[in-house]
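Just so it is clear: in the sequence shown, position 68 is 68 by full-length UniProt numbering, and no numbers are missing. Take a look at the structure set out below.
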Amino acid sequence: MANKVLLAYVVIDGLFVVMGAIMLGFSVIVRNIMFDTPTQGDQAARNLLYQRFPLTAGIVNAILIFATFVLTIPGIVMPTRTWLKVGAWMTTACALFSMVIGLDLWILTLKTKEDFSALWIAQTAQVMDLMQTQFQCCGYFNSSSPAFVTDATCPSPAAAALMRGCAAPITSFANIFIDNIFTAVFGMVGIDALFILAAACLLKDRKEAERFRHIDEKSGPMGTI
Numbered sequence: 001m002a003n004k005v006l007l008a009y010v011v012i013d014g015l016f017v018v019m020g021a022i023m024l025g026f027s028v029i030v031r032n033i034m035f036d037t038p039t040q041g042d043q044a045a046r047n048l049l050y051q052r053f054p055l056t057a058g059i060v061n062a063i064l065i066f067a068t069f070v071l072t073i074p075g076i077v078m079p080t081r082t083w084l085k086v087g088a089w090m091t092t093a094c095a096l097f098s099m100v101i102g103l104d105l106w107i108l109t110l111k112t113k114e115d116f117s118a119l120w121i122a123q124t125a126q127v128m129d130l131m132q133t134q135f136q137c138c139g140y141f142n143s144s145s146p147a148f149v150t151d152a153t154c155p156s157p158a159a160a161a162l163m164r165g166c167a168a169p170i171t172s173f174a175n176i177f178i179d180n181i182f183t184a185v186f187g188m189v190g191i192d193a194l195f196i197l198a199a200a201c202l203l204k205d206r207k208e209a210e211r212f213r214h215i216d217e218k219s220g221p222m223g224t225i
């Protein structure tokens with residue numbers, strides 16, 4: 001039974017460190033590409049959204065996860081419970097950190113329409129053109145607020161006035177995109193919780209094993225008769 005509990009702990013520990021690697025990889029890659037010149041409207045919108053992501057917090061959390069993983073190794077190879085307790089408390093800190101990041105991303109979806117308007121205004125005509133073409137819209141709230149960029153989708157004021165503003169389709173795209181990201185982060189919190197549960201089971205198993213060992217020591221040779 002003890003081997004099975006330990007094996008489960010090791011497997012979940014592996015998932016835990018993989019989770020940290022995914023978070024670190026995503027944060028570093030996004031930091032490197034979010035200012036690239038876009039070639040498509042959806043890429044332009046994603047890059048603008050990336051610039052509002054808590055990427056630094058993601059990197060810090062990933063480092064904390066790796067540090068926690070290192071601290072769990074002595075708990076695996078040593079029969080004592082101290083390192084398991086330290087690992088469990090560190091994992092709890094990682095879970096709380098991940099939850100805060102997920103909540104921050106979720107909050108972004110509550111004010112995407114208003115916040116993205118400032119990002120839209122700050123873009124070049126080329127980037128606006130890409131997004132108008134991608135999302136088949138003119139201007140942001142409407143064709144005149146702020147004013148549309150003349151392109152194939154919005155060739156004239158009269159044609160632009162018949163088109164919807166970009167706020168609605170971009171907000172829908174952004175919310176779906178961010179929903180997927182923060183759902184993944186909350187899934188990582190679930191792995192943290194599972195890891196804490198595995199640590200608790202292993203702690204209980206080792207406590208019982210230690211209790212039986214003490215009983216055997218007290219009983220001495222007579223206990224084997």
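Think of the CB as a built atom: it goes at the ideal place given N, C-alpha and C, for glycine as much as any other residue. Just so it is clear, the structure is predicted and the values come from calculations on it, not from any experiment.
#### Entry: Three-state secondary structure (DSSP) of Ala122
coil
### Task
Could you pull the start and end residues of the alpha helix (DSSP H) that Lys4 belongs to?
Ala2 to Ile33
### Message
Considering only the alpha carbon of each residue, which of Ile22, Lys113, Leu203 and Ile191 lies closest to Val60?
### Response
Ile22
### Query
Would you report the Cα separation of Asp104 and Ile121, rounded to the nearest angstrom?
Cα to Cα, the separation comes out at about 24 Å.
### Query
Taking C-beta to C-beta, are Cys137 and Cys166 nearer than 7 Å?
yes
### Message
For the alpha helix (DSSP H) containing Ser98, name the first residue and the last one.
### Response
Thr82 to Leu110
### Query
Where does the unbroken alpha helix (DSSP H) through Arg46 begin, and where does it stop?
Gly41 to Tyr50
### Query
Do Ala62 and Ile101 have their CB atoms nearer than 7 Å?
no
### Query
Which value, in whole angstroms, describes the spacing of the CA atoms of Leu49 and Phe173?
11 Å
### Task
Could you check what DSSP says for Ser172 in three-state terms: helix, strand or coil?
helix
### Query
What separation, rounded to the nearest whole angstrom, lies between the Cα atoms of Ser27 and Met99?
Their Cα atoms are separated by approximately 16 Å.
### Task
Evaluate the contact criterion for the stretch 186-195 versus the stretch 6-21: three or more CB pairs, one atom per stretch, below 8 Å.
yes
### Close beta carbons around Thr72, own chain, < 6 Å, minus the five adjacent residues each side
Cβ neighbours of Thr72 beyond the five flanking positions: Asp13 and Gly87.
### Query
In terms of residues, what are the limits of the alpha helix (DSSP H) holding Phe69?
Leu55 to Val77
### Query
From what residue to what residue does the alpha helix (DSSP H) around Ala161 run?
Pro157 to Ala161
### Message
Can you tell me which residues form a DSSP beta bridge with Ala147?
### Response
Ser144
### Message
Using only the alpha-carbon positions, how far apart do Gly223 and Ala184 sit?
### Response
Note that Gly223 scores a pLDDT of 47, beneath 50, so its modelled location is shaky; the value from the coordinates is reported in the next line. Taking the straight line joining both Cα atoms gives about 54 Å.
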